[in-house]
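S.K.: Shown below is the structure under consideration.
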Amino acid sequence: MSDYDFIGKRVRVHLYTREGQLLAAIEGRVADASAGVVVGQDGAGRDIRKDLVYVVGIEPGRGADGEPVPYKNSAGGEGEGWFAVQDVTVIPDAGPALSAN
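Encoded structure:
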């Protein structure tokens with residue numbers, strides 16, 4: 001699947017700590033994709049590149065009190081952000097709704 005095949009798809013994004021521990025999973029829809037984006041440098045100073053997707057409409061999670069808590073990206077924006085393709089899973093369509101008739 002090309003990164004651009006993700007556009008328009010509903011996805012689940014798995015969020016991890018820098019140590020690789022799973023923090024949470026969020027869901028939204030992919031609005032854009034970008035291949036080979038420099039996201040940092042390794043210990044030798046070489047660029048680290050990742051394929052990214054831009055996810056919008058991220059559903060709020062629930063806080064300890066059960067109240068909705070909106071997702072905030074590192075720039076402070078709510079409900080959207082860039083994520084590495086390796087952390088994204090497409091949620092299969094449930095298909096058409098069944099009629100009550």
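Numbering-wise, the sequence shown is residues 1 to 101 according to full-length UniProt numbering. Beta carbons are placed, not taken as given, at the ideal position from N, Cα and C, and that holds for glycine.
Is the stretch 66-75 touching the stretch 37-53, taking contact as three or more C-beta pairs under 8 Å?
M.R.: no
S.K.: Hey, quick one: how far does the beta strand (DSSP E) through G81 stretch, first residue to last?
M.R.: 80-84
S.K.: Can you tell me which of the three DSSP states D42 falls into?
M.R.: The answer is coil: DSSP assigns D42 none of H, G, I, E or B.
S.K.: Taking T17 as the reference, which of D87, D93, P92 has the closest Cα?
M.R.: D87
S.K.: How about V90 and V13: are their beta carbons less than 8 Å apart?
M.R.: no
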